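Below you'll find the structure, written out as structure tokens, and then a few comments.
Numbering (the working numbering), first residue to last: 35 to 245.
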């Protein structure tokens with residue numbers, strides 16, 4: 035039985051057919067694919083096409099919200115299916131967009147950050163960024179290089195405590211993920227100072243690819 039594809043929204047700061055880079059942005063638990071779209075303009079990355087996939091499951095409390103899996107359950111119901119659907123969706127992006135993996139980046143917030151650190155690290159993308167994210171799995175070494183990865187977290191985050199970022203940093207470093215780490219004084223959010231750090235990271239690892 036075929037796995038249903040993910041729905042997505044898009045934004046391009048140039049004609050999509052002329053875009054040289056692709057940025058995928060994964061929303062958090064209880065939000066939906068509209069949530070991070072305003073950040074595409076704020077990041078001000080030239081020649082970029084942005085895609086915002088919708089998480090596959092309805093949120094159990096929010097009529098308009100979506101979930102990558104049931105975070106409210108100890109068994110994280112739905113995680114295997116979400117992994118498969120996101121993996122397949124990402125796998126065909128180069129064919130669908132004409133943009134190769136080395137010109138693709140992923141940014142995820144909260145539960146979307148967790149999915150970025152899980153599924154995104156299975157690809158050789160130019161860059162990954164987890165904002166207010168966490169690990170929901172035990173990372174393992176694998177053949178080949180991991181993508182450069184940026185972890186961003188607020189020191190006063192009441193939803194995903196800063197200790198989760200420290201743990202992710204330690205575990206990912208142990209398996210050889212090349213990491214940048216940035217803390218800001220704030221909560222469960224992506225403030226201007228974090229956006230500036232993301233923009234700097236993507237300019238370094240994504241936009242400096244030779245055309």
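Note that CB positions come from ideal geometry on N, CA and C, so glycine has one too. Computed from a predicted structure; not experimentally measured.
Taking C-beta atoms as the reference points, residue 206 and residue 182 fail to come closer than 8 Å. Here the alpha carbon of residue 142 sits roughly 25 Å from the alpha carbon of residue 52. For residue 74, the CB contacts under 6 Å within the same chain, skipping 5 residues up- and downstream, are 45 and 84 in chain order.
Taking C-beta atoms under 8 Å as the contact rule, residue 57 and residue 40 fail to qualify, at a distance of about 16 Å.
According to the DSSP secondary-structure assignment, residue 188 is paired through a beta bridge with 218.
The beta strand (DSSP E) runs of length 3 or more contained entirely in the segment 60-139 are, from start to end of the chain, 82-87. Rounded to the nearest whole angstrom, the CA to CA distance from residue 165 to residue 185 is 6 Å. Secondary structure note for residue 229: its alpha helix (DSSP H) is the uninterrupted segment 226-239. A straight-line Cα-Cα distance of about 24 Å links residue 224 and residue 48. Between the segment 109-122 and the segment 89-96 there are three or more inter-stretch CB-CB distances shorter than 8 Å, so the stretches are counted as touching. With 16 or more other Cβ atoms from the protein chains shown falling within 10 Å of its own Cβ, residue 144 counts as buried.
The alpha carbon of residue 176 has as its nearest neighbour, out of 204, 68, 192 and 155, the alpha carbon of 155.
Scanning 202, 162, 62 and 170 for the CA closest to the CA of residue 108 turns up 170.
DSSP places residue 162 inside the beta strand (DSSP E), whose first and last residues are 161-165.
Where residue 46 is concerned, the enclosing beta strand (DSSP E) starts and stops at 42-46. Within the same chain, and ignoring the five residues on either side of residue 239 in sequence, the residues whose Cβ sits closer than 7 Å to its Cβ are 160, 161 and 182. Boundaries of the alpha helix (DSSP H) around residue 152: 145-152. Residue environment: residue 187 is assigned as buried (16 or more neighbouring CB atoms within 10 Å of its CB, all protein chains considered). DSSP links residue 141 through a beta bridge to 59 and 163. DSSP, read as helix, strand or coil, puts residue 213 in strand. Scanning 220, 146, 231 and 215 for the CA closest to the CA of residue 64 turns up 146.
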